[in-house]
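Okay, so here's the structure we're looking at.
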Amino acid sequence: MQTTYSGKEIPQLAGEKCSVIYALEVIGGKWKLPIIWKLSKKESLRYNELKRELEGITNVMLTRSLQSLEEHRLVIRKELQHIPPHVEYALTDHGRALIPALEVIKDWGQAEMERVQSLTDDR
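With this note's numbering as the guide, the letters of the sequence shown map in order to residues 22 to 144.
Structure follows, in structure tokens:
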């Protein structure tokens with residue numbers, strides 16, 4: 022089964038186009054959702070600011086993830102001609118559309134962490 026898709030292909034699941042698999046291809050992986058989450062909290066972030074916010078991410082992984090998010094029009098890269106010149110990243114309107122879904126995931130994650138902690142405490 023093919024595991025990556027071009028922007029025009031939509032994966033099939035049981036003979037039907039599967040939007041969930043496609044969405045996970047676009048935003049899945051260890052770092053894409055945390056990048057989107059961090060960018061949702063600020064108007065824009067420079068590369069190194071974003072790297073500091075994401076403990077453990079490598080330069081290669083951050084660059085690849087940002088490029089992928091940019092290709093899918095979720096993130097915009099702004100080159101600013103200041104002295105010294107620098108680059109900032111921000112969510113597009115398309116990227117901001119994910120924030121309500123991320124809020125639901127965050128709430129579920131918090132409840133799940135509390136549930137697991139209570140099971141551990143009961144032992």
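For every residue, glycine included, the Cβ atom is placed at its ideal position computed from N, Cα and C.
Please name the residue in the options whose C-alpha comes closest to that of residue i.
| i | options | result |
| --- | --- | --- |
| V125 | W58, K51, I42 | W58 |
| L90 | W52, D143, W129, L140 | W52 |
| I120 | C39, G50, K63, E46 | K63 |
| A44 | T84, A122, L87 | A122 |
| K127 | I48, P55, V41, C39 | P55 |
| V47 | L60, S61, Q88 | Q88 |
| E50 | S40, C39, L83, D143 | The question names Glu, but residue 50 is Gly in the sequence shown. Per the Cα distances, L83. |
Can you say whether residue i is buried or exposed, counting buried as having 16 or more other CB atoms within 10 angstroms of its CB?
| i | result |
| --- | --- |
| G116 | buried |
| S139 | exposed |
| S86 | buried |
| E76 | exposed |
Report yes if the CB atom of residue i is closer than 8 Å to the CB atom of residue j, and no otherwise.
| i | j | result |
| --- | --- | --- |
| V96 | T113 | yes |
| S65 | A111 | yes |
| E109 | L101 | yes |
| R67 | H107 | yes |
**OP:** Evaluate contact between the region 126 to 140 and the region 62 to 75, counting only Cβ atoms and requiring at least three cross-stretch pairs below 8 Å.
**Re:** Result no; under three Cβ-Cβ pairs closer than 8 Å.
Subject >> Every unbroken alpha helix (DSSP H) within the region 73 to 113, with a cutoff of 4 residues, ordered by chain >> reply: Segments of the alpha helix (DSSP H) lying fully in the region 73 to 113: 80 to 92.
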